[in-house]
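What follows is a short report on a single structure.
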Amino acid sequence: MYALASEGAKIAAAPERRAVCPGCRLEVVPKCGEIVVWHWAHVALDCDPWHEPECRWHLAWKSIVPPEQCEVVMGPHRTDIVGRNGIVIELQHSAIGPYEIRERETFYRNMVWVFDGTEYSDRFVTYPKQDYFAFRWKHPRKTVAFASKPVFVDLGTEGLFRVGKFYAEGRRGWGKPWSRARFFETYLAVAQP
Ligand SMILES: [Zn+2]
35 MYALASEGAK
45 IAAAPERRAV
55 CPGCRLEVVP
65 KCGEIVVWHW
75 AHVALDCDPW
85 HEPECRWHLA
95 WKSIVPPEQC
105 EVVMGPHRTD
115 IVGRNGIVIE
125 LQHSAIGPYE
135 IRERETFYRN
145 MVWVFDGTEY
155 SDRFVTYPKQ
165 DYFAFRWKHP
175 RKTVAFASKP
185 VFVDLGTEGL
195 FRVGKFYAEG
205 RRGWGKPWSR
215 ARFFETYLAV
225 AQP
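Numbering-wise (my numbering), the sequence shown opens with residue 35 and increments by one.
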């Protein structure tokens, strides 16, 4: 979403702008089409092997926080969002393998996952129990149960669901609904936009 201008400022992509990648410092070019959200792209390959193509969901999240909290470079990687007390918020839209989950958790340590559930909120059903909620998740990301750091599922307008425990490869489990406001306040130190 952001790249570095010659004076070092983080700038958003726009036609004709010139900038370098905050990670590898090589040239990036603005991609400003009508369909995909405006973004920067490396001229050659992306220097971060963990990079995934960004969708509107990613960019909607990133636009909540100021540029300094976005795509912060840590060693060879660019985080999605860095929130309160340096906690890394990993936004996961596409499939991710169990090895990659473990690798990222080991690298970032202080982190939480937010999985994109906005496309299938009707397949994520919660049932209130005594002091928690049980859930059933039809066609979950199979590897999600490998995560050992806190997992949130973004259910769009319904808010988020903080998973306490997964069973059956993520097809069921328990946890608690979280409002967006609570998440933003707890992890991002920003008010709900
Ligand atoms: Zn780069």
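The C-beta atom is built at its ideal place from N, Cα and C for all residues, glycine as well.
- Under the three-state reduction of DSSP, arginine 196 is assigned to strand.
- Scanning Tyr36, Phe167, Phe195 and Lys199 for the CA closest to the CA of valine 99 turns up Tyr36.
- Under DSSP, phenylalanine 167 takes part in a beta bridge, and its partners are Pro162 and Gly209.
- 8 Å or more divides the Cβ of proline 87 from the Cβ of cysteine 66.
- Distance from the CA atom of valine 185 to the CA atom of aspartate 156, rounded to whole angstroms, is 19 Å.
- Assignment of tryptophan 72 by DSSP, reduced to helix, strand and coil, places it in the coil class.
- Ligand 1 never approaches leucine 38 closely enough for any of its heavy atoms to be under 7 Å from the residue's Cβ.
- When beta bridges are read from the DSSP output, proline 64 appears opposite Trp74.
- Residue side-chain check: histidine 111 keeps its Cβ at 7 Å or more from all non-hydrogen atoms of ligand 1.
- It is roughly 31 Å from the alpha-carbon of proline 211 to the alpha-carbon of valine 70.
- Shortest gap from the CB of glycine 57 to any heavy atom of ligand 1: under 7 Å.
- Annotation for lysine 44: the continuous beta strand (DSSP E) segment containing it runs 44-46.
- Counting only runs of 4+ residues, the alpha helix (DSSP H) found wholly inside the stretch 111-160 occupies 132-142, in chain order.
- For phenylalanine 200, same chain residues with a beta-carbon under 6 Å away, outside a window of 5 residues either side, are Ala179 and Gly207 in chain order.
- Distance from the Cα of leucine 93 is smallest, within the candidate group Val63, His127 and Arg214, for His127.
- Nearest neighbour of leucine 79 by Cα position, chosen from Arg90, Cys89, Glu68 and Arg59, turns out to be Arg59.
- Residue environment analysis places methionine 145 among the buried positions, since at least 16 neighbouring C-beta atoms fall within 10 angstroms of its C-beta.
- Going by C-alpha positions, lysine 163 is about 32 Å away from arginine 143.
- In this structure, the straight-line span from the alpha carbon of lysine 172 to that of cysteine 55 is close to 39 Å.
- Separation of alanine 53 and proline 110 (C-alpha to C-alpha, rounded to the nearest whole angstrom) is 19 Å.
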